[in-house]
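Read in order, the letters of the sequence shown are residues 103 to 219 in the numbering used here. A virtual CB, placed ideally from N, CA and C, is assigned to each residue, including glycine.
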Amino acid sequence: ELAEVPLLPSCCSGRMLCLADGPIFESFASEIPETWQRALADVGAINVIDPAILAVLDAPARSFLAWAGVTKPSEDDIFTLCVEWHLYVSDRAAEAYQAAAEAHRLEAEAEAEAARQ
103 ELAEVPLLPS CCSGRMLCLA DGPIFESFAS EIPETWQRAL ADVGAINVID
153 PAILAVLDAP ARSFLAWAGV TKPSEDDIFT LCVEWHLYVS DRAAEAYQAA
203 AEAHRLEAEA EAEAARQ
């Protein structure tokens with residue numbers, strides 16, 4: 103399926119973006135410092151196409167990007183994706199902490215059982 107095909111180079115992360123990766127932007131939001139947005143793009147929180155690619159696209163290619171939903175981001179777009187990314191990272195950290203705590207509990211139980219024998 104087209105949505106899963108790596109089509110567009112990211113501006114920062116060096117990876118290819120798929121349409122299924124979520125919102126893809128043709129530039130950074132002008133209202134937010136670019137250095138902040140580059141940091142977000144580096145970790146995959148936002149997806150921005152490499153500007154060198156946009157500079158060489160012809161009209162049909164730009165029409166395809168518009169059809170695919172590639173747009174200029176608003177300040178709200180960036181803030182929303184930033185919050186979603188932080189919530190996702192927080193959830194993953196909580197899951198990892200719970201897994202580590204459970205592993206520690208099981209290890210302590212095994213050691214206590216071995217000491218009783």
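Leaving out the 5 sequence neighbours to the left and right, which residues in its chain are closer than 8 angstroms to Leu142 when beta-carbon positions are compared? So the list reads Ile148, Ile180, Leu183, Cys184, Trp187, once near-sequence residues are dropped.
Quick check: Glu128 and Leu156, are their CB atoms within less than 8 angstroms of each other? Yes.
For the structure I just gave you, are there three or more beta carbon pairs, one from the region 118-128 and one from the region 164-172, closer than 8 angstroms? By the criterion of at least three beta-carbon pairs nearer than 8 angstroms, the region 118-128 is in contact with the region 164-172.
What runs of the alpha helix (DSSP H), each 4 residues or longer, lie entirely inside the region 130-198? You should have 136-144, 153-158, 161-169.
Considering only the alpha carbon of each residue, which of Leu104, Gly146, Glu106, Ala122 lies closest to Cys114? For the residues Leu104, Gly146, Glu106, Ala122, the minimum Cα distance to Cys114 belongs to Gly146.
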